[in-house]
Amino acid sequence: MDFELKSLSTTAIPEALEKAERYRLLDEPWQAESICLDILRVDPSHQAALVTLLLSLTDQCGTEATVSRAREVLAKINDDYERAYYTGIVYERSARARMKQALLGWGPKAYAEFLDAMRFYELAETLRPPGNDDSILRWNTCARTLMRHHELRPQPEERLEPVLDD
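Reminder that position 57 of the sequence shown reads as 62 in the numbering used here, one-by-one numbering, no gaps.
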C-alpha cells in the first residue's frame, strides 16, 4: 500500500530535529529515522538531520543493509572532520552489533571493524576543532574493548600444506 507523504514546513525543521534526537534517546531509532527523512525531503543537505539520520541508522545496526544505508549518508556530510568521525562511528557500531549477535566468525570481522573505526578516529583527531576530543574518547573506547575481549582477534592466516602424491 502506498501513501503520499506529507511535507514539513521549513520553519518546523528545528523542532522536528529536536524530536528526532529525543526519539533516539528513547531508543526508538525508527521514529528518529522517519523524522530525519521528512526533514531531508524539505532540505536535502541539512547537516544536523544527516548526522541524526546516520546515528539513528547505526542505532539499528545489525544488518549489512543498515550499515550500507549509513555509509550512503556519510557521503552527504560536508565537513571532513565530521565525515571521518562518523565513519568511525559506523564501523564501531557495526563491530559492537557483531559482538551482540555472536554469529559464526564474528570475532575477526568485529576486530577488523574496530581497527577501521580506530583508523578513522585517528584521522578525525588530526582534523578536529580545538577542544574537541571526541575522536580520542572513541579511539580509547575501541582500544579498551579490544584489550578486554580476547575473542576479538585477527583472522588467522590459512596455511596451505602441499598435497603429496603417494
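The beta-carbon is built from N, C-alpha and C at its ideal position, and this holds for glycine as well.
Predicted model only: the values in this text are computed from it and were never measured.
DSSP places Gln36 in the helix class (H, G or I) of the three-state scheme. The Cβ-Cβ distance between Gly112 and Glu162 does not fall below 8 Å.
Only residues of its own chain outside the window of five on either side were considered, and among them Tyr96 have a CB closer than 6 Å to the CB of Asp121, listed in chain order.
Under the rule that a run must span 3 or more residues, no beta strand (DSSP E) segment is found entirely inside the region 81 to 139. As the crow flies, the alpha-carbon of Thr15 is around 47 Å from that of Met152. Secondary structure in the region 40 to 70: the alpha helix (DSSP H) runs of 4 residues or longer, each lying completely within the stretch, are 52 to 64 in chain order. In the DSSP assignment, Ala21 falls within the unbroken alpha helix (DSSP H) covering Ile18 to Leu30.
Taking Ala37 as reference, the option from Ala54, Ser50, Asp48 and Arg46 with the minimal CA-CA separation is Ala54. C-alpha of Glu87 to C-alpha of Arg149: approximately 23 Å in a straight line.
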